[in-house]
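J.: The sequence shown lines up with residues 172 to 418 when you count with the numbering used here.
Before I ask anything, here is the structure I am working with.
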Amino acid sequence: MVRQPRYLWLAEQLREPILRGEMPPGTRLPSRTRLARSYRVSEQISRTALRLLVTEGLVEARPGSGYFVRTVPELFRLCRTDSSSGSGLGKLRREDIGTEQEPCSAPLSSRLRLRDGEPVYRTTSRGLASELPITLHQSWEPASLTAGTLRTPFDAAPDIGLLDRLSAAGHPVDRVVEEVGVRSLRDSEASLLGSAPGIPVLVVERTHFSANRPVETSDLIGTAEQCRLLYKLTLARPRRPGDPRRR
Numbered sequence: 172m173v174r175q176p177r178y179l180w181l182a183e184q185l186r187e188p189i190l191r192g193e194m195p196p197g198t199r200l201p202s203r204t205r206l207a208r209s210y211r212v213s214e215q216i217s218r219t220a221l222r223l224l225v226t227e228g229l230v231e232a233r234p235g236s237g238y239f240v241r242t243v244p245e246l247f248r249l250c251r252t253d254s255s256s257g258s259g260l261g262k263l264r265r266e267d268i269g270t271e272q273e274p275c276s277a278p279l280s281s282r283l284r285l286r287d288g289e290p291v292y293r294t295t296s297r298g299l300a301s302e303l304p305i306t307l308h309q310s311w312e313p314a315s316l317t318a319g320t321l322r323t324p325f326d327a328a329p330d331i332g333l334l335d336r337l338s339a340a341g342h343p344v345d346r347v348v349e350e351v352g353v354r355s356l357r358d359s360e361a362s363l364l365g366s367a368p369g370i371p372v373l374v375v376e377r378t379h380f381s382a383n384r385p386v387e388t389s390d391l392i393g394t395a396e397q398c399r400l401l402y403k404l405t406l407a408r409p410r411r412p413g414d415p416r417r418r
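Structure representation (C-alpha cells):
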C-alpha cells in the first residue's frame with residue numbers, strides 16, 4: 172500500500188473540521204510552527220499543507236497575519252434554457268457598458284464566418300450582485316446585417332431584445348449553439364470583473380444562427396468559484412403498453 176505524503180495527511184486533518192463547520196469562516200489557523208509541533212512534522216510540510224488548502228479555496232493567507240478559514244462565496248446559477256435565448260443571468264442585475272464597432276479578427280472571424288478586418292459590433296455588459304460584478308457578457312455581430320438601418324445595437328430601442336431586433340432586420344434566429352469551457356481570465360476582462368488575471372473562469376460561447384448563417388456570437392464569463400450553469404432538459408416520455416399512438 173502506497174504511503175500517503177505527510178502534507179496531504181496534515182491537510183486532511185485541517186480540511187475535515189473546516190468542512191464540518193467546526194472552524195467557521197474567519198477562524199485563524201495555527202501558525203506553521205505550531206502545526207509542525209502539534210502534528211510532529213517539519214515546517215516545510217505544514218507550509219505545503221496550508222498552501223494546498225489555499226489552492227482549494229478553503230483557506231486564505233493574509234500577509235503578516237497568518238492563515239484564516241475563508242468565507243464561502245455566494246453561488247449564482249445561470250439558467251441556460253431560457254425561452255427567449257437571452258443572457259440567462261438569473262437574479263443578477265444587468266449593467267450595459269456600451270457598444271463599439273471594431274474590425275473582426277481570429278478566432279472571432281471563424282465563429283462568425285467573416286474575413287479578418289470586416290466590421291463587427293461589440294456589445295459589453297455585466298451581471299451585478301449588490302453592485303459587485305459577477306459575470307461579463309460580450310457579444311459580436313456582423314455590422315453588415317443591420318448597417319444603414321435602425322436595427323443596429325446603436326439605434327434600436329433598449330427594450331428590444333436581440334431576437335426581435337435581428338428578426339425585424341430580416342434575419343430571424345432559428346438555432347442556438349452553446350459550447351462551455353474553462354480558461355484563464357484575460358487582462359482586459361479582469362479589469363471589468365474586478366478580479367485578478369489568470370484565475371479560472373467558466374466561458375459559455377453562444378452563437379445564434381439564421382438559416383445556417385451565424386448572426387451573433389457571445390461570451391458569457393464568470394468565475395468558476397461563484398458561477399454554475401443550470402440546464403433543464405425535457406426528455407421524451409416512454410411509451411406505455413396499450414398507447415394508441417401510431418409508431
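We treat Cβ as the ideally placed atom computed from N, Cα and C, and that holds for glycine.
Please go through the same chain and pick out, in chain order, the residues whose beta-carbon is closer than 6 Å to the beta-carbon of proline 409, but skip the five residues on each side of it.
T.: As a first step, residue 409 is located in the sequence shown; it is residue number 238 there, counting from the start. Counting only Cβ-Cβ distances below 6 Å, and skipping sequence neighbours, we find nothing.
J.: So the alpha helix (DSSP H) valine 225 belongs to, where does it begin and stop?
T.: In the sequence shown, the residue the question calls residue 225 occupies position 54. Where valine 225 is concerned, the enclosing alpha helix (DSSP H) stretches over 214-226.
J.: Between which two residues does the beta strand (DSSP E) harbouring aspartate 358 extend?
T.: As a first step, residue 358 is located in the sequence shown; it is residue number 187 there, counting from the start. Looking at the DSSP string, aspartate 358 is not in any beta strand (DSSP E); the run it does join, the alpha helix (DSSP H), is 358-364.
J.: With distance defined between alpha-carbon atoms, name the residue in Arg241, Arg174, Gly235 and Ala207 nearest to arginine 186.
T.: Locating residue 186 in the sequence shown gives position 15, where the first residue counts as 1. Among Arg241, Arg174, Gly235 and Ala207, the Cα nearest to that of arginine 186 is on Arg241.
J.: So, using beta-carbon positions, are proline 324 and leucine 283 closer together than 8 Å?
T.: For this step, residue 324 is matched to residue 153 along the sequence shown. For this step, residue 283 is matched to residue 112 along the sequence shown. Cβ atoms of proline 324 and leucine 283: not closer than 8 Å.
J.: State yes or no: is the C-beta of arginine 286 within less than 8 Å of the C-beta of glutamate 271?
T.: Translated into positions along the sequence shown, residue 286 becomes position 115. Translated into positions along the sequence shown, residue 271 becomes position 100. Contact flag unset, no.
J.: Look at the alpha carbon of leucine 356 and the alpha carbon of proline 412, and state the distance between them as a whole number of angstroms.
T.: Translated into positions along the sequence shown, residue 356 becomes position 185. Translated into positions along the sequence shown, residue 412 becomes position 241. When rounded, the separation of the alpha-carbon atoms in leucine 356 and proline 412 is 53 Å.
J.: Could you say if the stretch 361-378 and the stretch 205-221 meet the contact criterion of at least three C-beta pairs nearer than 8 Å?
T.: They do not touch, by the three-pair rule.
J.: Please report the straight-line C-alpha distance between glycine 261 and leucine 181, rounded to a whole angstrom.
T.: Residue 261 sits at position 90 when you count from the first residue of the sequence shown. Residue 181 sits at position 10 when you count from the first residue of the sequence shown. Cα to Cα, glycine 261 sits roughly 40 Å from leucine 181.
J.: Specify the secondary structure class of tyrosine 402 as computed by DSSP and reduced to three states.
T.: Sequence index remark: in the sequence shown, residue 402 carries index 231 (1-based). In the structure shown, tyrosine 402 sits in coil (DSSP, three-state: anything other than H, G, I, E or B).
J.: Run through the stretch 281-342 for me and flag every whole alpha helix (DSSP H) of 4 or more residues, listed as ranges in chain order.
T.: 333-339
J.: In or out: threonine 252 buried (at least 16 other Cβ within 10 Å) or exposed?
T.: Position 81 of the sequence shown, counted from the first residue, corresponds to residue 252. So threonine 252 counts as exposed.
J.: Use the C-beta contact count for threonine 320: other C-beta atoms within 10 angstroms, 16 or more gives buried, fewer gives exposed.
T.: For this step, residue 320 is matched to residue 149 along the sequence shown. Looking at its Cβ environment, which holds fewer than 16 other Cβ atoms inside 10 Å, threonine 320 is exposed.
J.: By a C-beta neighbour count over all protein chains shown, 10 Å radius and 16 as the cutoff for buried, is glycine 228 buried or exposed?
T.: Walking along the sequence shown from the start, residue 228 turns up at place 57. Glycine 228 comes out exposed.
J.: So what does alanine 232 bridge to, in DSSP terms?
T.: For the purposes of this step, residue 232 is identified with residue 61 of the sequence shown, where counting begins at 1. Paired residue(s): Tyr238.
J.: I'd like to know if the stretch 379-392 and the stretch 340-348 are in contact, where contact means that at least 3 CB-CB pairs between them fall below 8 Å.
T.: yes
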